[in-house]
Amino acid sequence: MVQSEDLLVRKRFLDLSCLANRKDIVTFSTFLNLNELNLFYQSVPELETAYQLSGGYEFAERQMVAFIPDALYYDYVFPIVCLHFYPVHPKFAEELSHRDILGALMNLGIERSRIGDIKLDGQDYYIFCEESISDYVMQSLTQIRHTAVTGICMEAGAYHFEQKYEQIEGIISSVRLDNIVALLLKLSRDKSAMLIRSQKVFINGKAAASNSCLCREGDVISIRGFGKYIYEGCSGETRKGRMKVSLKKYI
1160 MVQSEDLLVR
1170 KRFLDLSCLA
1180 NRKDIVTFST
1190 FLNLNELNLF
1200 YQSVPELETA
1210 YQLSGGYEFA
1220 ERQMVAFIPD
1230 ALYYDYVFPI
1240 VCLHFYPVHP
1250 KFAEELSHRD
1260 ILGALMNLGI
1270 ERSRIGDIKL
1280 DGQDYYIFCE
1290 ESISDYVMQS
1300 LTQIRHTAVT
1310 GICMEAGAYH
1320 FEQKYEQIEG
1330 IISSVRLDNI
1340 VALLLKLSRD
1350 KSAMLIRSQK
1360 VFINGKAAAS
1370 NSCLCREGDV
1380 ISIRGFGKYI
1390 YEGCSGETRK
1400 GRMKVSLKKY
1410 I
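Counting in my numbering, the sequence shown runs from 1160 upward without gaps.
Structure follows, in structure tokens:
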């Protein structure tokens, strides 16, 4: 069942690429999650067009793909908008979470694939979504939990996000992926290897092929359900020949 769903997702990418090439227009996917992005990268060799990805800002996790034909004769922009919501009465507002905001959007009958990242900054809530549903979201999202909210549609490129990190350091026997995952999640190597075999660990957007693959400086490691990390590299060895490594966790 899962394999057939994956095949349908990959076929959709090929269809969008074919359509873009046939009509000389840019076509767009919906917002893709980690698994769908991995399937997209697997499909790249079969595409008939070039491509570009964007989630509306530099560090976006959920991304949309633009399929770009060789004979493109016009400028294009991704159909992504950023909606800025905030409490009507800040003094009485609840402390809202990502889950609260996503739940309110799902209650409006919106498909998850039409919503990109959701970012929180105190009492400011930023929702990236498809341009075609932005008016509906603006008109319909008036309350999140018990907090009345209102919002504005931001100008393109107006959202600036400063990514914050948590520093992680540790000592491992080698830079094999299972060692890195074990360090990050404080798991045994066997359990970290199980996560990798279950295709829940991604390196630079692609599902890790093996628990024994070696991490390279600058690799972005995403672990579904646990977060995203940057492997910064090895800073030296202990007297017993073990490696001192550092990573940064996206927060």
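Yeah, the Cβ is synthetic: ideal placement off N, Cα and C, and Gly gets one too.
Pro1228 burial status per 10 Å Cβ neighbour count (16 or more: buried): When all chains shown are included, Pro1228 counts as buried.
Presumed contact (8 Å Cβ cut-off) between Tyr1285 and Cys1241, rounded CB distance: A Cβ-Cβ distance of about 6 Å is found for the pair Tyr1285 and Cys1241, placing them in contact under the 8 Å criterion.
Span separating the alpha-carbon of Gly1281 from that of Gly1377: Roughly 30 Å between the two C-alpha positions.
Whether Leu1343 touches Tyr1409 by CB criterion (8 Å): No, they are not a contact pair.
Delimiting residues of the beta strand (DSSP E) encompassing Val1379: Per DSSP, Val1379 belongs to the beta strand (DSSP E) from 1379-1382.
Between the CA atoms of Gln1201 and Ile1303 - distance to the nearest angstrom: Going by C-alpha positions, Ile1303 is about 38 Å away from Gln1201.
Of the listed residues Leu1193, Gly1316, Phe1244, Pro1238, nearest to Gly1310 (C-alpha basis): Nearest of Leu1193, Gly1316, Phe1244, Pro1238 to Gly1310, Cα basis: Phe1244.
Test item: CB-CB of Ser1176 and Glu1207 under 8 Å: In contact: Ser1176 and Glu1207 (Cβ atoms closer than 8 Å).
Those runs of the alpha helix (DSSP H) which lie wholly inside the region 1280-1367 and span at least 4 residues: Runs of alpha helix (DSSP H) with 4 or more residues, each lying fully within the region 1280-1367, are found at 1293-1299, 1336-1344, 1348-1356, listed in chain order.
DSSP beta-bridge partners of Gln1222: Bridge partners of Gln1222: Leu1191.
Other residues of its chain near Met1160: CB distance less than 7 Å, five sequence neighbours each side excluded: For Met1160, the predicted structure reports a pLDDT of 48, less than 50, and the residue's modelled location is therefore unreliable. A value from the coordinates is still provided. In its chain, beyond the 5 residues on either side, no residue has a beta carbon closer than 7 Å to the beta carbon of Met1160.
Met1160 - DSSP class collapsed to helix/strand/coil: With a pLDDT of 48 at Met1160, under the threshold of 50, the modelled position of that residue is not reliable, and no figure is offered here.
Outcome for Phe1251 when other beta-carbon atoms lying within 10 angstroms are tallied against a minimum of 16: Classification of Phe1251: exposed, given that the 10 Å Cβ count is below 16.
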